[in-house]
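Position one of the sequence shown corresponds to residue 25 (our numbering), numbered consecutively onward.
Cβ coordinates follow ideal geometry from the N, Cα and C atoms, glycine included.
See structure below.
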Amino acid sequence: MDRMDGAGRPGRAGLLRLARLRWSGRPGWPGWLRLPRTRRGRRLAVQGAMALCVLGLLPATWLFVTTDSKIGTTADAPRARVAMVFGAGLWEGEPSPYLAHRLDAAADLYRAGRIEVVLVTGDNSREEYDEPDAMRAYLKKHGVPDRRIVSDYAGFDTWDSCVRAKKIFGVDRAVLISQGFHIRRAVALCDAAGVSSYGVGVDAVHDATWYYGGAREIFAAGKAALDATLHPAPRFLGPRERGVERALASGR
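Next comes the structure, spelled out in structure tokens:
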């Protein structure tokens, strides 16, 4: 068949030849996308890709190995004076379903006498978005006295929350509450920040948010490893607060 049609455009044979040229790695593709031409080159390329995959999974493996004995359910949680609940978003000013599950677990532990104070840590970087106050209101509705709730308004991420729990609120030991896909990272980072931790992974519906959270953790594990190694300063530290100390002294 002709390689050009009557209008001067590539015919069928010309299009097939052009496709073969492109997929064969000849000029037309960026250099980094071209397959090596030699067998040894292709083998090295595959080995390099495998090495990158292994390196990418190392932080996640570190999280599983270092926290495996420190994760359980509300029934397994040891008695502790303080529980930390990490923010997980608001829906129209109310805790999201994921956050509500975390708060429910904290309320259960308080009613069972397994914890004394709940430290709620979340984002209040904007006037119209206040995770800690929404978390406080929810806990009060579910039987936790206001005097037993302490708010951290600068828990912008997990590392910041852990560092602030130690340096600002004087927490040395805590039960951490979050979903299963996040709790290992929380335990590892709080341990690195000096807070001896046990993680309660609460149940969650395996919806799109759950799958997104699980996938996100693979990448977040890399940042967690860097945070645990480098100990960066949180976005906002501020002066020491006595909220946890006063709450513990207030009595049930």
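Excluding the five sequence neighbours on either side, which residues of its own chain have a C-beta within less than 6 Å of the C-beta of residue i, listed in chain order?
{"i": "Arg50", "result": "Residue confidence for Arg50 is low, a pLDDT of 47 falling below 50, so the modelled location carries little weight and cannot support an answer."}
{"i": "Asp279", "result": "The displayed coordinates of the chain run from 25 to 276. Any statement about residue 279 would go beyond what the structure contains."}
Restricting to Cα atoms, I'd like to know which of the options is closest to residue i.
{"i": "Arg240", "options": "Pro263, Pro102 and Gly204", "result": "Gly204"}
{"i": "Tyr134", "options": "Phe260, Ala210, Val199 and Gly267", "result": "Val199"}
{"i": "Lys247", "options": "Thr182, Ala228 and Asp147", "result": "Thr182"}
{"i": "Tyr162", "options": "His206, Arg61 and Ala129", "result": "Ala129"}
{"i": "Ser175", "options": "His166, Leu213 and Ile192", "result": "Ile192"}
{"i": "Arg264", "options": "Val187, Ala273, Lys164 and Asp170", "result": "Val187"}
{"i": "Ala255", "options": "Ala273, Ile242, Gly223 and Cys214", "result": "According to the sequence shown, residue 255 is His rather than Ala. The shortest Cα separation from His255 among Ala273, Ile242, Gly223 and Cys214 belongs to Cys214."}
{"i": "His125", "options": "Asn148, Asp227, Arg61 and Ser93", "result": "Asp227"}
{"i": "Gly96", "options": "Arg160, Gly225, Ser149 and Ser120", "result": "Gly225"}
Taking the CB atoms as reference points, tell me whether residue i and residue j lie closer together than 8 Å.
{"i": "Gly111", "j": "Leu123", "result": "yes"}
{"i": "Val18", "j": "Pro156", "result": "Lying before the first or after the last residue shown, residue 18 is absent from the chain, which here runs from 25 to 276."}
{"i": "Ala252", "j": "Ala210", "result": "no"}
{"i": "Ser167", "j": "Gly146", "result": "In the sequence on display, residue 167 carries Gly and not Ser. The answer is no: Cβ separation not under 8 Å."}
{"i": "Leu114", "j": "Ala84", "result": "no"}
Give the DSSP-derived three-state secondary structure of residue i in the structure shown.
{"i": "Val78", "result": "Because Val78 sits at a pLDDT of 46, beneath the cut-off of 50, its placement in the model cannot be relied upon, and the point is left open."}
{"i": "Gly204", "result": "helix"}
{"i": "Asp215", "result": "helix"}
{"i": "Glu116", "result": "coil"}
{"i": "Tyr122", "result": "helix"}
For residue i, which residues from the same chain have a beta carbon less than 8 Å from its beta carbon, with the 5 sequence-adjacent residues on both sides left out?
{"i": "Val195", "result": "Val106, Met108, Leu143, Ala189, Val219 and Val268"}
{"i": "Ser48", "result": "Low local confidence applies: a pLDDT of 47 at Ser48 is under 50, so the model's placement there is unreliable, and no value is given."}
{"i": "Ala212", "result": "Trp86, Leu87, Thr90, Thr91, Ala248 and Ala252"}
Please go through the same chain and pick out, in chain order, the residues whose beta-carbon is closer than 7 Å to the beta-carbon of residue i, but skip the five residues on each side of it.
{"i": "Ala244", "result": "Arg209"}
{"i": "Asp184", "result": "Ala178, Pro258 and Arg259"}
Quiz item: Do three or more CB pairs link the region 97 to 109 to the region 125 to 141 at distances below 8 Å?
Solution: Cβ pair count under 8 Å is three or more, so yes.
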